[in-house]
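This report concerns only the one structure given below.
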Amino acid sequence: MAVNGLSVLGVPSSAGAHHAGQDGAPRALRTGGLLQQLRSRVADLRDEGDLPTEVFKVDPAHPTHRNLPAVVGVARAAADATERILRSGRTVLVLGGDCTITLGVVAGAQRVHRDVGLAYFDGDADLTTPATTRSGILDSMGVAHLLGIADTDLARLDRPAPMLADDHLVMLGYDPNDPDSFDEAALAVHPGVVHFPDHELREAPEAVVRQALETLTGRTSHVIVHFDVDAVTSSDLPLGNFPHYGTGIPLDNATTVLKILCAAPQLVAIVLTEVNPSYDPSGRQLDRYIDAITQAIAS
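For the sequence shown, numbering that gives the first Met the number 0 assigns the number 0 to the initial residue and increments by one for each residue that follows.
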């Protein structure tokens with residue numbers, strides 16, 4: 000299916016997050032000029048608007064999987080919108096929102112393309128499960144649900160778990176020393192997953208991402224790129240909903256990684272997550288983020 004243009008879809012949800020804030024990212028990115036900058040570089044850009052807003056709520060009744068019905072509802076809506084856009088032959092840029100929306104984008108893409116791989120560029124491994132969580136935040140469980148390590152309705156949006164086979168996932172930029180999101184034992188039983196922690200990206204970002212992309216495109220025919228801004232160290236870009244100091248990579252290196260990922264001919268979707276605009280009242284950091292995203296997509 001030939002790609003005819005880029006469609007931008009907002010998913011303003013913080014339902015699966017630690018607190019509210021990410022739900023404001025799609026509006027902030029538009030107000031900050033993301034679409035205007037993209038239009039100067041992308042010949043065919045279409046704004047698909049936003050899905051209904053879903054804001055984080057305290058959910059003490061479900062301490063191991065907070066706000067699950069709302070998270071699943073957002074993911075299903077994202078899946079439907081992704082399917083509609085991809086069936087029109089366009090690539091979709093999703094403005095999130097917390098990381099759980101990526102599961103919806105994967106599900107929607109799988110309805111159109113049988114063979115979908117995911118490049119998960121994130122400061123967290125997101126391998127927590129309801130059985131191992133300390134917070135109950137589903138935002139930290141995305142990869143666990145994709146691989147079937149966690150089993151809730153979020154893991155079965157369209158099909159029985161797992162949503163993704165091991166060899167259809169590459170993980171980039173996670174902190175292997177974070178006990179709240181990384182589980183070495185869980186990853187060990189999924190040996191097909193190719194994964195590169197943050198320190199490897201700091202040392203050789205271009206070489207690492209090229210190796211990861213070559214592996215993924217050798218196994219799959221269509222690629223989704225997930226980018227959580229917390230893959231960038233908060234000491235350089237303090238926009239991540241959950242700050243990460245002393246881990247991650249500089250924004251310039253992250254831009255290099257994204258340029259290579261977004262240049263893949265197999266690309267069908269890009270998902271931007273975890274931006275909390277309330278952390279940047281001046282708008283200066285959002286400007287830097289928008290410039291990086293524009294450069295990557297223009298590649």
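In this text, a Cβ means the ideal position worked out from N, Cα and C, and glycines have one as well.
Assign residue i to buried or exposed, taking buried as 16 or more other Cβ atoms, counted over all protein chains shown, within 10 Å of its Cβ.
i, result
"Val188", "exposed"
"Asn176", "exposed"
"Gly300", "Nothing can be reported for residue 300, as the shown portion of the chain is limited to 0 through 298."
"Gln35", "exposed"
"Thr30", "exposed"
"Ala1", "Note on Ala1: pLDDT 42, under 50, position unreliable in the model; no value is reported."
"Ala203", "exposed"
"Leu190", "First, the residue type needs correcting, since residue 190 is Pro and not Leu in the sequence shown. Exposed: under 16 other Cβ atoms inside 10 Å."
"Glu53", "buried"
"Arg65", "buried"
"Ala106", "buried"
Contact check, residue i vs residue j under 8 Å by CB: the rounded distance?
i, j, result
"Ile248", "Ala262", "About 19 Å; that fails the 8 Å criterion."
"Arg209", "Ile269", "So it is not a contact: roughly 18 Å between Cβ atoms."
"Asn252", "Leu200", "7 Å"
"Ala24", "Gly96", "7 Å"
"Leu207", "Leu215", "According to the sequence as given, residue 207 is Val; it is not Leu. In fact, because the Cβ distance is near 13 Å, the residues do not count as touching under 8 Å."
"Tyr244", "Thr254", "Incorrect: roughly 20 Å between the Cβ atoms, too far for contact."
"Ala108", "Leu94", "Contact flag wrong, Cβ pair sits at about 17 Å."
"Pro161", "Leu146", "5 Å"
What does DSSP give as the partner residue(s) for residue i in the beta ladder?
i, result
"Val7", "Asp46, Leu92"
"Tyr173", "Pro196"
"Glu53", "Ser12"
"Thr272", "Asp227"
"Ala118", "Val169, Val224"
"Gly239", "Val274"
Let me check you understand the geometry: is the CB of residue i closer than 8 Å to at least one non-hydrogen atom of the ligand GDP?
i, result
"Ala160", "For the structure depicted, the ligand GDP is absent and the ligand set is empty, with no information on it obtainable."
Could you have a look at residue i and say whether DSSP puts it in helix, strand or coil?
i, result
"Leu285", "helix"
"Ile299", "The requested residue 299 is not part of the displayed model; the chain covers only 0 to 298."
"Asp79", "helix"
"Ile262", "First, the amino acid is wrong: residue 262 is Ala here, not Ile. In the structure shown, Ala262 sits in coil (DSSP, three-state: anything other than H, G, I, E or B)."
"Val227", "Residue identity differs from the one stated: residue 227 is Asp in this sequence, not Val. Residue state, collapsed to three classes: strand."
"Met0", "In this predicted model, Met0 has a pLDDT of only 34, less than 50, meaning its place in the structure is not dependable; the value taken from the coordinates is given anyway. Three-state DSSP puts Met0 in coil, outside helix and strand."
"Leu144", "Note on residue identity: the sequence assigns His, not Leu, to residue 144. In the structure shown, His144 sits in a helix (DSSP, three-state: H, G or I)."
"Gly32", "coil"
"Ala74", "helix"
"His167", "helix"
- prompt: Is it true that the region 79 to 98 meets the region 147 to 159, where meeting means three or more beta-carbon pairs spaced less than 8 Å apart?
  reply: Result no; under three Cβ-Cβ pairs closer than 8 Å.
message: Using a Cβ distance threshold of 8 Å, determine whether the region 124 to 136 contacts the region 35 to 51, with at least three qualifying pairs required.
response: Result no; under three Cβ-Cβ pairs closer than 8 Å.
query: At a cut of 8 Å, does the region 269 to 286 reach the region 14 to 23 through at least three beta carbon pairs?
result: Counting C-beta pairs closer than 8 Å gives three or more between the region 269 to 286 and the region 14 to 23, which meets the contact rule.
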